[in-house]
Each structure stands twice: as C-alpha cells, then as structure tokens.
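Just so you know, the UniProt record's numbering puts 452 at position 452 of the sequence shown, and the rest follows in order with no gaps.
For each residue, glycine too, the CB sits at the ideal point set by N, CA and C.
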Amino acid sequence: MVFQLAWLLLRWGSANQALWYADLTYLLVIYLSTALTARAAQTADRHRRGTARLLLGAMLMLSAGESVWVYFDLFTQRAPDASMADLCYYAFYLLLGWTLLRQSGAGVRSLSTVATLLDSILVVGVAGLVAWFSFLANVATDSTASALVRVVTLSYPALDLGLLTVILIALRGTRTAGQTLLFAGGLGVYILADLSYAYLNSRGAYASGNWIDVLWTLGTAALAVAGSRPPQTSGAPAPLLNALTRLRQRLAALPYLAVLVSCILLILSMLRPSVATPGVVWGTVVVFGLVMLRQAVAFHENAQLNQQIEQSQAQLRHQAYHDALTGLPNRAMFVERLQLALRRAVPEGLQVSVLCIDLDGFKLVNDSFGHAAGDALLVQASGRMAGLLQDGDTLARIGGDEFILITVRPLGLEDAPAVAAHLNALLSQPFQVGPHQLYLTASIGISTAGLSGGDPAELQRQADLALYQAKSRGKNAYQVFTPELARSVHAREHISRELHFALEREEFSLRYQPQFQGQQLIGVEALLRWHSHVLGDVPPGEFIGVAEDTGLIFAVGEWVLDHACRQAAAWHAAGQPLRVAVNISPRQFARQDFVTLVTAALTRHALPARLLELELTERLVVEDLQGAAAKITQLRQLGVLVSLDDFGGGQSSLSYLMMLPVNALKIDRNFVVNAEQNEAGQRVIQAITTIAHALNLHVVAEGVETAAQLSLVSSLGCEVVQGYLLGAPMSAEALTGGRTLPAPSTA
C-alpha cells in the first residue's frame, strides 16, 4: 500500500507501466490479506471459527475475481462486459455481509430489530435516490450500452447499498465492539470506492491508477486486520464503547435526515425534470411508505413496551405484598388489610380480631428432613388455614413459621377463640410430604378490637403477648389477650431488665434447706434467692423462667454452682461434711461443656465430688435420653451424685429410669402433701420406693410439713426427708451457727 501511494504521488514510468503498477500492487495487497485471513481462520477457537471461515471465503472470492480482472486488464485488448470476475465479486459481497452480521451478533429477532432494519433501509434507500439522481439514472437509460452492461454496472451500486444496510444493522449489534467497528469501517471504505468508481466510470473518467484505488486497498487491509484480531475477553475499552454509543445515537437521527433529503431531491427533480425524475418520484413514495411502516412498528413496539411495564409493575406490586413461597399476603398487606378492617368495624358493627399463629415443631421438621420438606409443609399448612377464611378475613405469612390472621365477623357470630380451636384441630392432623407423614401443632395468640375500634400496631402487640403466653403453657393451645396478661408481661419485662444487673449488684444469695436421714442431718438443698434493690424480694418462680428465656440462666447457674461448692467446701474444712444438692436448669445441662464446668468448680474449691449432688428434672432427661445418660455417666465417674427431681409428676418411665445411672429419686411434693387423705397417693409412693430400692436408688421425700406426713413417708420406705417441718431454707450462718434443728420424729 505504501508503494502504491508513492507511485500515485510520483507517477514514474510510462502509461503501460502505470497500468501494471496499479493492478499488481492491489493484487498483492489482496493476496497478503487473504493469507492473513487464512491464518486467523486456522488458529481461531470454536466460537470464532465460523465467522473466520466466512471471511476467508469472501477474501478467496475477492482474490479469484481480482486475478481474473487483472488478467483481462493486462493481457487482453478489452475486458468482456461480464465474466467470472463479476460472479466472484458478487460472492465476495454476499459473504462479507453475512460475516459482518455474524460478527456483530445482530439479527431479526424482535420488533426493535425490525425497526432498526426499517431505519437502515430508509437511509440506504435515500442514499440510492441520491446516487440515482446523480448518475445511476444516466447509466440505466444509456441506450448506447447493452442491457448486460447496464445490469452489471447497476448491480455493484445495488450490492453496495445492500452492504450499507448491513453496516447500519451491525452497528446496532451487541458483540465485539472493536472488531465490528473496524470491519464496518473497512466495508464502508470499500463501498465508497465502488460508488466513486461507478460515478467516474459513468462519465468515462476512470482509469487504473486513480486515487480511488487507494480506497479499495485500505478497505481490503481493514477487513483482513479485523478478521485476524483476537476477541477482547475483558470487554472493549471505555473510550471505544463511548464512541460506539455516540455513533449509535447519531445513527438514530439518520432516518429523519433521509426523509428530508428525499424531499429535497423530489423538489429538485420537479424543478429540473430529467431521466432521473420518475425514479426519484417513485423512490420518494417508497420512502414515505417505509416511514409509515416504521411508525406502525414504533406504535406496536411502544404498546408492547407499555404492556411489559404494566406486567412488571403488577408483578412488583404482587411481590411487594405477597409471600414468595406460599402466595399469601405478607406483613405489608396485612397492615393495610387490618387498617381497612378497623375502619369498617365501627360503622358496620363488625368485630375484628388478630390471631398470631406459630407452628410448633416446624424447626424439628426442617432439621430432620431438610428445608425443601419444610417449605412443602409450610405450603400445605397455609393451604389448610386459608380454607377457613371467610369474606373479609386475611391470612398472612410474616416470616418463617409465623402467620397472622385477621378475622372480621358480625357481632354475636363465631368469635376468634372458636376460629383458633378450629385451626388447632385442623393443623394437628398429619401432613403427607413426599414419603413422610409429618405432624404439627400451633400456638395461637388472640387480640380483639373493642367496640370503638383499635390501633393496628397495638392489636398485633397484644396478639404477640398472648402467643407468648400460649407457648409458655406448653404449646398446641390458644390464649386470649387480657389486661391481666398485659400486666403479667409488663412485670416479666421489668424482671428481665433488672435481672441483667443482679449479678453485678450482688443481689443473689443462697438458702439451704436441710435434709435428714433418720435423726442425722446429711445434707442440704441449695435454693437461689433474689433480693432486687428495685423490685425487692422476687420469688424464684417469677425470675427463673425469665432467666431461662433470656439466656441469663447460664451465668446465674454458674454462680449458684460455684457458691454452693464454695460453701460445701467451707463446711467440709470445718469438720461438717454436708452434701449440697444443686438444681440444674435444662439449658444449663444442655451445654456441651457442662461436665467441664462442674469439674472446674470442684477443683477450684477442693471439694470432694461425693459432697455435690445435682438435681435434674424428668423433662430435661427425657428430651435427650442418650445425651443425658452420657453426661450423667461422666458425672458419676467424677464421683458427683445425681438425682431425679419431682419424680412421678412428669413422664416417669421404667425404661428410661433403667438407662440413667442416677443415685436417687425425689418424689414430687404433690404426692407427699396429699398422701394423708389419699390412699392412691400412698400406693404411688410405695410403688416408687419399691422400684427405687430394686434399682439400688435412694428415695427423697420433699415437702414434708406435718408429723403425720413424716411418719407416713418414713413408713413407706423414704430414707431421706426434707420440708418445712424439719427446717425452712436458711442462710449458711443460720444452719451452722449453733441454731438447733428439730429432730425428725415419726411419732
């Protein structure tokens, strides 16, 4: 190409030599470009191989066509009107268009692409009108040329206009911006050279060695370079993408400019009629027809876009107000529905209730069978509950296994507790999830708006409080909110708040209730007491449950264990080896490091393990029998004593009793209190002592308050007794400070 430019500037040699220079330099560029394209096709990966082979085919057709043309131009007196060269050129154009479309990723797949195609045809059509007005009309109507010559001559501008259409479509494509621009640029230069050649040739002004030969050379080289460039895996550079964006924006204005140009051509043709005038008139008609078609497509496209926007908005509204899993309303819609129901309630005489529903046992299903089974269970449960809805009711899922129901009923008809009872009965029936038959229950809290209406947030808060109470009662139940419940919850919250500071303020203390075996004091039970600086004396029944729920039981339990061991060690050092029994909470016992904590307390205070007894509840060990048995075994190996507290009042069973290596059973105090007047109670105590002795276990009777009770439990085989008759819980100082304890008597 440099040699060609140098020759065009200096023009050395004769006219015959000039012909050879012009033809052979261009042919050499074509051959080199074809070789470069062939190498790119050979090394291309499987994603680019098809495009690279198409471009190679185009370059081979160009090489063949130009070789034939050079032969005719250099070795014959006159080139034929049509030859194999023309067929090769035609194939070259078609393959180039196909390559560019594939390279850019453009295609006719949607209305937007059809609109792009129409815009491109509009622009190209007007470009064709300009060419027709300028010189093509003269070529088409030249009576001195044969029909074949005119057809061949006009075919090249037609192919160029077709390629121009492809370029405009490709520039709207989505892939490989750099290669697309280079390819389209090379093809554009080629089209400019073709149209310039056609214009000059129509006036007999073209000969080999013209400046437009450089355009063909540049176009060919650009096509080869574009085809041989590797794809940009990291994306096109930002400046190139910005330039392509600006170019696409400007291309969008071309159809309007094309219409203006066609109108100008029509006016000029009318003012100065010529052989081009009929073609300009019909071309303008076609242009306006395309404009109308383009507008129709635009209207349809806008209608589709509006429909998609409406569908998207409807979908977003549904997602904003519904739960994705169950399809039920979510919290946002629940709030709106509750506000609407409360506004209707007073004028229409309706009763509005809110039911907070929590599925008991759902976490166990999730842990045992996986989240897919849990999701399926939620869908089935929500379907069952939705079957109870009446007009005006709303069932919403507000998260996890929590649902909330709004019932709207005329005054005097079915009330919320009846609905809750139906829900409990419905949800207690088995669910079939795949091959598994699963079971659920529900805890339900109920709040009902007064006759004067109510606040939505307050109604939900009241239902939540009632739900908490229902769960604390053992689940599978419902609870109606009452003012007394609110006061109880408020007191509980106050206790929880003060409990956080109890250890820091040293408000806890231990009281010790003596235990006798016969006439001998053998041990004590350590009982926790709390004297709050704010609340005063708080009974254990009121704060132990709060400590369990808040997690404070871990710190409190460690404090009790540590202080009980310290006091027992002090007694042991003073020559009074009393066994200390400590109550252990379920959450405390469930800790993996519980045995380690006990070991550390014994070591810290140098307390013999035989002087520490841990009291566990039946419920605690039954929930995880194997785990409980393993921990009890470790404790027994340390020498620590373990007893089952409140035995007989829970899920007493010989099977688990035989699995647990405990030392003693403490009979539930209710049996002791009622044994005097209840022969059945006496038989239960007798049965427990018989079983315990058969298993080499001691029996402790607690709650002994009268001499008759003491005589009875002793006669029934209880070795150890404890109760207010023998001594109330007292401080360590009172227990060992010389105070006389009443001696047990069976008289």
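Exposed unless 16 or more other CB atoms sit within 10 angstroms - verdict on residue i
i: Ile553; result: buried
i: residue 780; result: Given a span of 1 to 747 for the chain in the structure shown, any question on residue 780 remains unanswerable.
i: Val275; result: exposed
i: Pro435; result: exposed
i: Leu735; result: buried
i: Gly219; result: buried
i: Arg619; result: exposed
i: Gly235; result: Low confidence applies to Gly235: its pLDDT is 47, below 50, so where it sits in the model is not reliable, and the reading given next is rough at best. Burial call: exposed.
i: Trp282; result: exposed
i: Val108; result: Only weak support exists for where Val108 lies, its pLDDT of 48 falling under 50; the value from the coordinates is given anyway. By the neighbour-count rule (16 or more Cβ atoms within 10 Å), Val108 is not buried but exposed.
i: Phe299; result: exposed
i: Met59; result: buried
i: Leu136; result: buried
i: Gly65; result: buried
i: Glu613; result: buried
i: Ile309; result: exposed
i: Leu271; result: exposed
i: Gln103; result: buried
i: Glu733; result: exposed
i: Ala664; result: buried
i: Ser312; result: exposed
i: Ile584; result: buried
From the options, residue whose alpha carbon lies closest to that of residue i
i: Leu611; options: Val524, Glu504, Ser134 and Ala221; result: Val524
i: Val297; options: Ala115, Asp73 and Ser83; result: Ala115
i: Ser120; options: Thr394, Ala574, Leu271 and Ala258; result: Ala258
i: Ala38; options: Val365, Glu506 and Gly227; result: Gly227
i: Pro539; options: Ala628, Phe508 and Gln520; result: Phe508
i: Val285; options: Val126, Leu161, Gln339 and Asn201; result: Val126
i: Asp593; options: Leu635, Leu625, Ser368 and Asn583; result: Leu635
i: Val480; options: Val489, Ala463 and Lys471; result: Ala463
i: Ala40; options: Gly349, Leu54 and Leu27; result: Leu54
i: Glu506; options: Glu484, Arg492, His533 and Val640; result: His533
i: His605; options: Ala573, Tyr256, Leu616 and Glu623; result: Ala573
i: Thr603; options: Ala570, Leu338 and Cys565; result: Cys565
i: Pro430; options: Ala332, Pro456, Ala477 and Ala381; result: Ala381
i: Val684; options: Gly648, Leu195, Arg272 and Leu260; result: Gly648
i: Leu192; options: Met658, Thr217 and Ile632; result: Thr217
i: Arg492; options: Thr550, Gln513, Thr441 and Gln437; result: Thr550
i: Glu676; options: Leu660, Met270, Leu710 and Glu702; result: Leu710
Cβ separation of residue i and residue j, assumed to be a contact under 8 Å, to the nearest whole Å
i: Ile446; j: Ala420; result: 6 Å
i: Val556; j: Ala568; result: The Cβ separation is near 19 Å, so there is no contact.
i: Tyr71; j: Leu159; result: Incorrect: roughly 22 Å between the Cβ atoms, too far for contact.
i: Ser443; j: Ala470; result: 4 Å
i: Val354; j: Gln515; result: Contact flag wrong, Cβ pair sits at about 50 Å.
i: Val124; j: Thr76; result: Val124 to Thr76, Cβ: 35 Å. No contact.
i: Val489; j: Ala526; result: Contact flag wrong, Cβ pair sits at about 30 Å.
i: Ala170; j: Leu101; result: 6 Å
Cutoff 8 Å; reference residue i; Cβ partners in own chain excluding five residues on either side
i: Leu535; result: His494, Ile495 and Glu498
i: Val152; result: Asp81, Ala82 and Asp86
i: Met385; result: Ile357, Leu395, Phe403, Leu405, Leu423, Leu426 and Leu427
i: Gly374; result: Phe362, Val365 and Asn366
i: Arg591; result: Phe554 and Leu597
i: Thr233; result: Because the pLDDT of Thr233 is 44, which lies under 50, any placement of that residue in the model is unreliable, and the question is left without a value.
i: Ile522; result: Gln515, Phe516, Leu578, Arg579 and Val720
Contact set for residue i: own chain, Cβ-Cβ below 6 Å, skip 5 residues either direction
i: Ser110; result: At Ser110 the pLDDT is 46, less than 50, meaning the model places this residue with poor confidence; the figure from the coordinates comes in the next sentence. Correct list: empty, nothing qualifies.
i: Gln686; result: Leu716
i: Trp20; result: none
i: Asp645; result: Glu615, Thr617 and Lys666
i: Arg397; result: Asp323, Thr326, Leu328 and Phe403
i: Arg331; result: Ile398
Nonlocal neighbours in the same chain, by C-beta distance under 7 Å from residue i, ignoring five residues either side
i: Gln576; result: Thr736
i: Ala222; result: Leu182, Gly185, Gly186 and Val189
i: Ser63; result: Ile30, Tyr31 and Thr34
i: Ala140; result: Arg150 and Leu154
i: Phe369; result: His436
Contact test: residue i Cβ vs the ligand ZN heavy atom, cutoff 7 Å
i: Gly219; result: What this structure holds is no ligand at all, so the ligand ZN is not there to describe.
(message) With three or more C-beta pairs closer than 8 Å as the rule, is the segment 665 to 678 touching the segment 712 to 731?
(response) yes
(request) Please confirm if the segment 391 to 411 is in contact with the segment 341 to 355, defined as three or more CB-CB distances below 8 Å between the two stretches. (result) yes
(request) Give a yes or no on contact between the segment 539 to 550 and the segment 598 to 606, applying the rule of three or more CB pairs nearer than 8 Å. (result) no
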